[in-house]
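Colleague: For what it's worth, our numbering labels the leading residue of the sequence shown as 4, then goes sequentially. Where is the CB? At the ideal position from N, CA and C, for every residue including glycine. These numbers were taken from a predicted model, which means no experiment stands behind them.
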Amino acid sequence: MKSGSGSVIYTFSEGVLRTYTLSNMSAKSVFIQTFGCQMNKLDSEIITGSLLSVGYQPAQSESDADVILVNTCSVRKHAEERVYSRVSNLKHLKKKKPNLIIGIIGCMAQKDKERLFERLPHISLVCGPHRYKSIVGLIERIITNGSDRIVCADEEGLLKTEKYSHETYLADNKSAYVQIMRGCDNFCSYCIVPYVRGREISRQPEEIIPEVSSLLDKGVKEITLLGQNVTSYGKSLGDKVTLSSLLKELGRVQKVQGFKKFKGSKGLVISFFTSHPANVTDELLETMAALPEVKKTLHMPAQSGSNRILKMMNRGYTRKEYLEIVHKAKELMPDIKIVSDFIVGFPTETDEDFQDTVSLVKEARFSKIYVFKYSPRKGTSAEKLSDDVPMETKKYRNNCLLEKFKS
Ligand code: SF4
């Protein structure tokens with residue numbers, strides 16, 4: 004999205020590209036702040052598109068806005084505390100502008116629902132990630148009916164069965180995010196995602212392929228396929244549909260359309276995000292290697308190098324299996340960039356477990372790593388374990404792992 008006077012926003016949904024020119028400066032303005040993953044970023048862009056399509060303008064800052072939405076992440080306690088701190092700081096704006104609408108959307112909205120009002124009494128709207136299509140109507144309800152507080156989130160049972168809608172967002176005329184699946188069935192013991200985003204649902208290739216084809220017609224050169232657990236794509240669609248088969252189909256689409264190569268450009272680039280090691284098959288790696296349009300990057304969180312901790316995390320692979328994928332990927336694609344995430348200080352993690360993680364980082368020779376200190380998440384199975392690694396040790400291991408990665 005480009006913002007400001009005379010700006011244009013593009014959204015692409017259900018096969019239709021919409022272009023909005025932002026000119027009505029007397030309209031209400033909206034400011035969205037996004038925490039967390041690419042999926043949240045995509046949701047925020049789609050919500051922005053919906054609001055602009057009914058006449059809202061993008062605010063340049065929170066203090067200029069009539070509506071402030073904070074799209075939240077629950078994956079780590081630290082991320083939640085940042086949201087609380089950020090939204091608490093908006094109190095003074097609400098005092099100055101009593102009609103200001105402040106809303107919490109995303110994973111914290113789904114997880115905590117009306118409990119958010121206890122710490123944030125100045126907010127008016129709580130809307131979970133599966134209900135973002137209702138946001139425009141909910142804001143209008145607050146404005147026209149003077150409703151004080153609205154909560155719109157799913158009950159736990161509904162999460163299991165509800166059909167998600169999936170969207171594509173054309174970030175500009177060169178790149179687009181295409182959501183190919185949502186949710187996660189893995190239930191890693193520390194992770195809140197399956198509880199707030201629900202079970203895995205994949206889009207049919209028959210929906211995705213025409214959308215990508217149309218994006219190529221518009222001149223898009225970079226497509227990012229998004230999903231919480233993107234390597235598990237197709238699991239709900241039968242044996243023949245996998246991420247690998249989808250990549251092959253998308254490769255054919257660009258060839259059939261005779262996608263033009265620009266000077267200095269390799270033509271279409273397709274990437275995908277985020278990969279779970281248990282679903283990274285030889286077939287997927289071979290497809291990545293064979294297709295020039297697939298970006299040679301794999302974001303594949305390892306989380307730990309200790310088999311004992313991996314088992315407690317319910318990750319579904321061993322250290323040896325993880326490293327086999329890394330070696331196979333490098334053998335097939337010597338220039339591949341592998342990025343990984345780690346959690347240090349998981350309950351009962353000993354120095355020996357930590358040294359296993361250090362040695363995995365050394366052996367894998369990652370291009371980049373992200374390290375997080377474990378914090379228990381309410382409702383997950385690991386919450387029942389004692390958070391027994393002292394914070395000082397977590398901090399030491401965090402810094403130490405980053406140092407070892409660099410050395
Ligand atoms: S794979 Fe594990 S860590 Fe990733 S979203 Fe699913 S449950 Fe969470």
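Classify F357 as helix, strand or coil using the three-state DSSP reduction.
Modeller: Counting from 1 along the sequence shown, the entry for residue 357 is found at position 354. Here F357 sits in helix by DSSP.
Colleague: Please tell me whether, using a cut-off of 7 Å, the distance from the CB of F375 to the nearest non-hydrogen atom of the ligand SF4 is below it.
Modeller: For this step, residue 375 is matched to residue 372 along the sequence shown. Outside the cutoff, so no.
Colleague: Ignoring anything shorter than 4 residues, give me the alpha helix (DSSP H) runs that lie fully in the segment 275-305, in order along the chain.
Modeller: 285-293
Colleague: Output the distance between the C-alpha atoms of D188 and K243, rounded to the nearest integer angstrom.
Modeller: Numbered from its first residue, the sequence shown carries residue 188 at position 185. Numbered from its first residue, the sequence shown carries residue 243 at position 240. For D188 and K243, the distance between alpha carbons rounds to 19 Å.
Colleague: Near the ligand SF4, which residues have their beta-carbon closer than 6 Å to a heavy atom?
Modeller: The answer, residue by residue, is C187, N189, F190, C191, C194, V196, P197, Q231, N232 and H279.
Colleague: Measure the C-alpha to C-alpha separation of C130 and K371 and round it to an integer number of angstroms.
Modeller: Position 127 of the sequence shown holds residue 130. Position 368 of the sequence shown holds residue 371. In this structure, the straight-line span from the alpha carbon of C130 to that of K371 is close to 34 Å.
Colleague: Can you tell which of M111, C194 and I107 has the C-alpha that lies nearest to the C-alpha of I153?
Modeller: If you number the sequence shown from 1, residue 153 lands on position 150. Ranking M111, C194 and I107 by Cα distance to I153 puts I107 first.
Colleague: Would you be able to state if there are at least three C-beta pairs under 8 Å between the segment 77-85 and the segment 51-65?
Modeller: In the pairwise beta carbon analysis, the segment 51-65 is classified as not touching the segment 77-85: fewer than three pairs are separated by under 8 Å.
Colleague: Taking the alpha-carbon of E327 as reference, which of V361, F345, T284 and I312 has the nearest alpha-carbon?
Modeller: Taking the first residue of the sequence shown as 1, we reach residue 327 at position 324. Answer by Cα proximity: T284.
Colleague: Could you check what DSSP says for C130 in three-state terms: helix, strand or coil?
Modeller: If you number the sequence shown from 1, residue 130 lands on position 127. C130: strand per DSSP, three-state reduction.
Colleague: Residues bridged to L72 by DSSP?
Modeller: Here residue 72 is taken as the residue at index 69 of the sequence shown, counted from 1. Answer is I35 and G106.
Colleague: Can you confirm whether I108, when its beta carbon is compared against all beta carbons of chain C, has any partner nearer than 8 Å?
Modeller: In the displayed structure, chain C is absent; only one protein chain is listed.
Colleague: Since E117 is in the beta strand (DSSP E), which residue starts that stretch and which ends it?
Modeller: For the purposes of this step, residue 117 is taken as residue 114 along the sequence shown, with counting starting at 1. First-last for E117: undefined, no H or E at that position.
Colleague: For T353, count the other beta carbons within 10 Å of its own beta carbon; 16 or more makes it buried, fewer makes it exposed. Which is it?
Modeller: Taking the first residue of the sequence shown as position 1, residue 353 is located at position 350. The residue in question, T353, is exposed, as its Cβ has fewer than 16 Cβ neighbours within 10 Å.
Colleague: If we ignore side chains and look at the alpha-carbon of each, how far apart do L240 and N402 end up?
Modeller: Stepping through the sequence shown from its first residue, residue 240 is reached at position 237. Stepping through the sequence shown from its first residue, residue 402 is reached at position 399. For L240 and N402, the distance between alpha carbons rounds to 42 Å.
Colleague: Which one of A332, Y87 and V139 has the shortest CA to CA distance from I126?
Modeller: Looking up residue 126 in the sequence shown gives position 123. Closest option to I126, Cα to Cα, is Y87.
Colleague: Measuring only the C-alpha atoms, how far is E386 from E355?
Modeller: Counting from one through the sequence shown, the residue named residue 386 turns up at place 383. Counting from one through the sequence shown, the residue named residue 355 turns up at place 352. Rounded to the nearest angstrom, the two C-alpha atoms are 23 Å apart.
Colleague: Does G7 come out as helix, strand or coil in the three-state DSSP assignment?
Modeller: The residue given as residue 7 occupies position 4 in the sequence shown. The predicted model places G7 with a pLDDT of 36, which falls under 50 and marks its position as unreliable; any figure quoted below should be read in that light. In this structure, G7 counts as coil in the three-state DSSP scheme.
Colleague: Can you tell me the Cβ-Cβ gap for F345 and T321, rounded? I've got them flagged as a contact below 8 Å.
Modeller: Sequence index remark: in the sequence shown, residue 345 carries index 342 (1-based). Sequence index remark: in the sequence shown, residue 321 carries index 318 (1-based). At roughly 16 Å, the Cβ-Cβ gap does not stay under 8 Å, so F345 and T321 are not in contact.
Colleague: How should T351 be labelled, buried or exposed, when 16 other C-beta atoms within 10 angstroms of its C-beta is the threshold for buried?
Modeller: Reading the sequence shown from its first residue, position 348 is the one you call residue 351. Looking at its Cβ environment, which holds fewer than 16 other Cβ atoms inside 10 Å, T351 is exposed.
Colleague: Express the C-alpha separation of I104 and T164 in angstroms, rounding to a whole number.
Modeller: Taking the first residue of the sequence shown as 1, we reach residue 164 at position 161. Taking the first residue of the sequence shown as 1, we reach residue 104 at position 101. Residue placement at T164 cannot be trusted, given a pLDDT of 39 that sits under 50; the coordinates are not used to answer.
Colleague: So, does the segment 42-59 touch the segment 136-145, judging by three or more C-beta pairs under 8 Å?
Modeller: yes
Colleague: Going by C-alpha distance, which of F408, L271 and R85 is nearest K224?
Modeller: Here residue 224 refers to the residue found at position 221 when the sequence shown is read from its first residue. For K224, the nearest C-alpha among the options comes from L271.
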